[in-house]
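Going left to right, the sequence shown walks through residues -18 to -1, 1 to 226 as mature numbering (1 follows the signal peptide of the UniProt record, and there is no 0) numbers them.
Take a look at the structure below.
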Amino acid sequence: MKTASAISLLSLAGSVFAATYPLTSNIVGRRFYDAFEFEAIEDPTDGRVNYVDRATAQAQNLTYASGNTFILRTDSTTVLSPDGPGRNSVRIKTKKVYKTHVAVFDIRHIPQGCGTWPAIWETNEADWPNGGETDILEGVNDQGPNTVSLHTGTGCVMPATRLQTGTSLQLNCDANANDNSGCGVTLNTDLSYGPQFNAAGGGWYATERTPNFIKVWFWSRNDPTVPADVKKGCAVTVNTDTWV
Ligand SMILES: *[C@@H]1O[C@H](CO)[C@@H](O)[C@H](O)[C@H]1NC(C)=O
């Protein structure tokens, strides 16, 4: 099981109706340790895992930062007892809370292999599911392509026809329906997840959240259509109107 991941993230906040967002945070390398806290908690989604705190993660080299690289990974060497706790791993969340915003995730590698469950999501933990959850990147084992999902309270149903390149799964976002499978959209490229994502050098995920909509984009590392303001990483502004 190979589980190194390198992520750089920048996020932006703008006024409600503008599609141009000024840069407010650019979280790269060691800056992740200031912007995020480690959550040494029981997994709320019942994965067989043992989330450790930052000190333990650093001592075991489950997290490492240098230059423009930030790594999070699970312990991939310990032989576990079938009856004991799950594998040491990490879960982090931002200290800041974001409302209307754009976030761009520059990811070189995600965990791959049997038993892995990498995810990037946004949620209001204090009011779940009514506060909503956007799963930007999430999967298990090596089952691609990626599915982007929303999980909400009752009364949120997606229209069957939307402007999107992906394929809709079921349309009811209500976490209390359909065993909390949410309203997912499967992306149109295998490069969006797992070994194929990694072999291509990763890529960029981005999300835009406003009071009126939530959008998610993916560009593989060598996709010629990646917008210049995404590729630059630290662009002073991004304009999502120019993203396709
Ligand atoms: C920790 O991990 C990094 C990145 O994989 C590696 O370069 C470094 O040598 C490791 N440190 C130790 C003490 O193993």
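No residue lacks a Cβ here, since even glycine has one placed at the ideal position from N, Cα and C.
Just so you know, these numbers come straight off a predicted model, no measurement behind them.
Close-in-space but distant-in-sequence residues of the same chain around residue i (CB under 6 angstroms, 5 per side omitted)
i: residue 229; result: One cannot answer for residue 229 here, as it falls past the ends of the chain, which runs -18 to 226.
i: residue 227; result: Nothing about residue 227 can be read from this structure; the chain reaches only from -18 to 226.
i: Ser202; result: Leu173, Ala182, Gly185
Selected residue, minimal CA-CA separation from residue i, among the options
i: Val34; options: Leu44, Pro26, Glu120; result: Leu44
i: Asn8; options: Ala217, Thr224, Thr222, Trp199; result: Ala217
i: Asn106; options: Gly135, Pro100, Val86, Gly121; result: Gly135
i: Pro177; options: Arg90, Thr168, Gly215, Asn170; result: Arg90
i: Thr222; options: Phe14, His133, Thr60, Val84; result: Val84
i: Ile53; options: Arg203, Asp88, Leu62; result: Asp88
i: Asn123; options: Thr129, Asn50, Trp99; result: Trp99
i: Gln94; options: Glu104, Thr82, Ser58; result: Ser58
i: Ile118; options: Phe200, Arg12, Asn180, Thr27; result: Phe200
i: Ser163; options: Thr27, Val10, Gly11; result: Thr27
i: Phe14; options: Asn50, Arg144, Gln42, Asp25; result: Asn50
i: Gly126; options: Thr2, Ser48, Ala1, Asn180; result: Asn180
Residues near residue i by beta carbon distance below 8 angstroms, same chain, minus five either side
i: Ile23; result: Tyr33, Arg73
i: Leu153; result: Val139, Met140, Pro141, Ala142, Cys165
i: Lys213; result: Trp186
Other residues of its chain near residue i: CB distance less than 7 angstroms, five sequence neighbours each side excluded
i: Val226; result: Thr207
i: Glu19; result: Ile74, Lys75, Lys77
i: Ala39; result: Phe20, Thr45, Val72
i: Ser48; result: Gly11
Notebook entry, point to check: At which residue ranges does the stretch 137 to 183 contain complete beta strand (DSSP E) runs of 3 or more residues, listed in the order of the chain?
Noted result: The beta strand (DSSP E) runs lying completely inside the stretch 137 to 183 and spanning 3 residues or more are 165 to 168, given in chain order.
Next item on the list: Give me every residue whose Cβ sits closer than 5 angstroms to any heavy atom of ligand 1, in chain order.
Entry: Asn43, Tyr46
Note to self: Counting beta carbon pairs with one atom in the stretch 94 to 111 and one in the stretch 200 to 208, are three or more of them shorter than 8 angstroms?
What the structure shows: no
Note to self: Please give the ranges of any alpha helix (DSSP H) in the stretch 181 to 217, keeping only runs that are unbroken, at least 4 residues long and fully inside the region.
What the structure shows: 210 to 213
Notebook entry, point to check: Just checking, does the stretch 186 to 195 make contact with the stretch 144 to 151 on the three C-beta pairs under 8 angstroms criterion?
Noted result: no
Notebook entry, point to check: For the stretch 3 to 82, which segments carrying the alpha helix (DSSP H) assignment without a break, of at least 4 residues, lie completely within its bounds, in sequence order?
Noted result: 14 to 17, 36 to 41
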